[in-house]
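**Student:**
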Amino acid sequence: MTTYVPMFVSLFIWIALWLYILSLDRKVRKLSRNV
Amino acid sequence: MKIRTDIIWKIGLLLLLSWVIVGAWVWEPPMGGVSTPEIYRIFYFHVPMALVTFLAYGLAMIQGIAYLKRRDLEFDLRSSTAAVLGTIFCVLAAVSGSVFARFAWGSFWNWDPRETSILMLLLIYLAYFSLRAAVVDPERKARLSATYSILGFIAAVFTIFVWPRITPGLHPGAPGSSGGKVIVMSARTLMVFVPSLVAFTSLFGWIYSLSLRVNRFVEED
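Note that the protein sequences, when read in sequence, are chains A and B. Terminal number for the first sequence in the numbering used here: 1440, no gaps in between. Terminal number for the second sequence in the numbering used here: 249, no gaps in between.
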């Protein structure tokens, strides 16, 4: 329990961060296409 | 084709760092022969963050030198972006280090040479941002920042690699202390540690390229 709960919390944070950076990347790409 | 390669390496990064997170919790700890090996698991994150800090400050210096040679403000933008990211990773390395210190040495902050040196490094780069904020003229700002980034990187080499290795302290690798054991990693622990180094460096590269594009928009406005 002391291993798996923090592991899944860390994984959740990392996947959320990855999705956030990916969405930012797409927004910036779209903006640079429009400029 | 370009878009496909782009998404493939991003998914690769997602999987690589996910493996590092799983491995850091369930794989064997990087340090054997100590009473509490579990606390050493943070090294799978702490050391790559410190490495990325060093790489980012090195990149800031290289771009600074390029600015001094070519006098193109694009290099100043690249240099300052690298310095910002280096400082973010430096804060993360300091925080993860002090979490380790709390459980290994009893307190979050012990004024160990390694802790003092990372604090000095942070102060040096906070002074760099103060300098940039204080100068209005872009050419002068870029010239001063480029020169400072060279001096800052020399200080980074001294504070990361020289001072903590010649001064007795608690940190692993420090000379002449009970806590200063050198971490010798096994092949199994390297299976987590090496991907961690690659993943954090790639993550830095991705955030760097993204920040650079955003900063270009800001500069154009």
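Heads up, the beta-carbon is just placed ideally off N, CA and C, and yes, glycines get one too.
So if I threshold CB-CB distances at 9 Å, which residues from the segment 218 to 246 of chain B count as touching chain A?
**Tutor:** Of all residues in the segment 218 to 246 of chain B, L231, W234, I235, S237, L238, R241, V242, R244 and F245 have a Cβ within less than 9 Å of some Cβ in chain A.
**Student:** Please name the residue in G233(B), A174(B), E248(B) and R244(B) whose C-alpha comes closest to that of V84(B).
**Tutor:** Position 56 of the second sequence holds residue 84(B). Looking at the sequence provided, one finds Ala at residue 84(B) rather than Val. Per the Cα distances, G233(B).
**Student:** Tell me which same chain residues have a C-beta within less than 8 Å of the C-beta of L79(B), skipping the five on either side of it?
**Tutor:** Locating residue 79(B) in the second sequence gives position 51, where the first residue counts as 1. Result list for L79(B): L225, F228 and T229, in chain order.
**Student:** How would you call Y176(B), buried or exposed, if buried means at least 16 neighbouring beta carbons within 10 angstroms?
**Tutor:** Taking the second sequence and counting its residues from 1, one reaches residue 176(B) at position 148. Buried, since its Cβ has 16 or more Cβ neighbours within 10 Å.
**Student:** Mind checking A111(B): buried by the 16 CB within 10 Å criterion, or exposed?
**Tutor:** Position 83 of the second sequence, counted from the first residue, corresponds to residue 111(B). Result: buried.
**Student:** If you count every other CB in all the chains shown that lies within 10 Å of the CB of G180(B), and 16 or more means buried, which is it?
**Tutor:** Translated into the one-based positions of the second sequence, residue 180(B) becomes position 152. It is buried - the Cβ of G180(B) has at least 16 other Cβ atoms within 10 Å.
**Student:** Whole angstroms is fine: what's the gap from V1440(A)'s alpha carbon to V163(B)'s?
**Tutor:** The count along the first sequence starts at 1 and reaches residue 1440(A) at position 35. The count along the second sequence starts at 1 and reaches residue 163(B) at position 135. Going from the Cα of V1440(A) to the Cα of V163(B) covers about 30 Å.
**Student:** When the distance is taken between beta carbons, is L151(B) closer than 8 Å to L172(B)?
**Tutor:** Along the second sequence, read from residue 1 onward, the residue named residue 172(B) stands at position 144. Along the second sequence, read from residue 1 onward, the residue named residue 151(B) stands at position 123. No, the pair does not count as a contact, with Cβ atoms beyond the cut-off.
**Student:** For L1528(A) and W55(B), what's the separation of their Cα atoms in angstroms?
**Tutor:** No answer is possible for residue 1528(A): the residues shown for chain A start at 1406 and end at 1440.
**Student:** I'd like to know if S1428(A) contacts chain B, where contact means its C-beta is closer than 8 Å to some C-beta of that chain.
**Tutor:** Within the first sequence, the letter at position 23 stands for residue 1428(A). Not closer than 8 Å to any Cβ of chain B, the Cβ of S1428(A) fails to qualify, so no.
**Student:** Counting only beta-carbon atoms, is G208(B) nearer than 8 Å to chain A?
**Tutor:** Start at 1 with the first residue of the second sequence, and residue 208(B) comes out as number 180. Below a pLDDT of 50, predicted positions are generally treated as unreliable, and G208(B), at 49, falls in that range; the measurement from the model is reported next regardless. No, because no Cβ of chain A sits closer than 8 Å to the Cβ of G208(B).
**Student:** Kindly say whether W37(B), judged by its beta-carbon, lies nearer than 8 Å to any beta-carbon of chain A.
**Tutor:** Residue mapping note: residue 37(B) aligns to position 9 of the second sequence, counting from 1. Answer no: the Cβ-Cβ gap between W37(B) and chain A never drops below 8 Å.
**Student:** Please identify, using Cβ separations under 8 Å, the residues of the segment 127 to 149 of chain B that lie next to chain A, in order along the chain.
**Tutor:** Listed in sequence order: no entries.
**Student:** Judging by CA-CA distance, which residue of L113(B), F131(B), E143(B) and Y72(B) is the nearest neighbour of R193(B)?
**Tutor:** Counting from one through the second sequence, the residue named residue 193(B) turns up at place 165. Of L113(B), F131(B), E143(B) and Y72(B), the residue nearest in Cα terms is E143(B).
**Student:** Under the rule that 16 or more other beta-carbon atoms within 10 Å means buried, what is T217(B), buried or exposed?
**Tutor:** The residue given as residue 217(B) occupies position 189 in the second sequence. With 16 or more other Cβ atoms within 10 Å, it is buried.
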